[in-house]
Every structure is written in C-alpha cells, then in structure tokens.
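Undergrad:
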Amino acid sequence: LATGLLHLGLNRGDRVGMWGPNLYEWIVCQFATALAGMILVNINPSYQSEELKFALGKVGIKALISPACFKKSNYYLSMVDVIPDLAVKAEGKGDVSADYFPKFRHLIIIDRNDDNKSYRYE
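Sequential numbering of the sequence shown, starting at 1, is according to full-length UniProt numbering.
1) Going by beta-carbon coordinates alone, are methionine 18 and isoleucine 65 separated by less than 8 Å?
2) Would you list the one or two residues that DSSP bridges to phenylalanine 70?
3) With a 10 Å radius around its C-beta and 16 neighbouring C-beta atoms as the bar for buried, classify tyrosine 100 as buried or exposed.
4) Once DSSP output is grouped into helix, strand and coil, what is the label at isoleucine 43?
5) Using 8 Å for Cβ pairs, my map puts serine 78 next to serine 97. What's the rounded Cβ distance?
6) Cβ of alanine 55 within 8 Å of Cβ of leucine 5?
7) Return the first residue and the last residue of the alpha helix (DSSP H) that residue 138 is part of.
8) Tell me isoleucine 65's beta-bridge partners as DSSP assigns them.
9) Assuming arginine 15 and alanine 36 form a contact by the criterion Cβ under 8 Å, report the distance between their Cβ atoms to the nearest whole angstrom.
10) To the nearest angstrom, how far is the alpha carbon of alanine 32 from that of leucine 107?
Have a look at this one:
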C-alpha cells in the first residue's frame, strides 16, 4: 500500500485521509502512510457531508481512503454530495479534481471500484 500511494504521486509529508469504521484496512493504512512518510488523518466515521467538506478543506488531504458504505452510512454518496463531479465523472483511475479542494487528488474505495471512478484499495 505504501508503494501504491507513492506511485499515485503522493509524497513524504502529504496527508492521506482515512474515513470509515474500525476495519483492518485502517491499521494497514496507518503503517503504510508511516512507512512512506505521509500523515494519516483519521476522519470521524459518523461525519456527514458538511463535516467531511470542512475536514477536507481544513486539513488539505491529498487522498482519501474509505469503504463505499457500512451499515447505514454511505460514504461514497456523501463524497458525491461534497464533490458532485464524482457522479458525472468520466471513467478514469480515481483521480479527482475539485476547485474548492485544491490539494485533493485521489479517492480510494476499499470495497468496490465504482466503474473506475475511484481507485480500488486492493
């Protein structure tokens, strides 16, 4: 995972967000970001769209790792609320560009690939 993040163009000191419930991927992300010299930003899994929007803007996250959904929380749809271009984005490799989040570049989904609109965690 550390090598994969580096291949995405993330660098030492970049912030990587982890948003979701307690999953084993969380600890893997913690070690991978530490190994690559990145900063893991833990985002409260109960955050809704507005809170996520604030966190993304305040902290300057360059990549976000999240499950698509868990129980009653649909993290992917919340991301679409925050970055509407995700819903109409042409197929790509998970690269994201949003004027209001100038540093945010990559969406990595743990449990599905969403028609290539996000990177797959695996």
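We put the CB at the ideal spot given by N, CA and C, even for glycine.
TA: This is what the structure gives:
1) yes
2) Ser73
3) exposed
4) strand
5) Their Cβ separation, rounded to whole angstroms, is 19 Å, which puts serine 78 and serine 97 out of contact at 8 Å.
6) no
7) With the chain covering 1 to 122 only, the question about residue 138 has no answer from this structure.
8) Met18 and Ile108
9) Contact doesn't hold; Cβ gap of about 12 Å is too wide.
10) 16 Å
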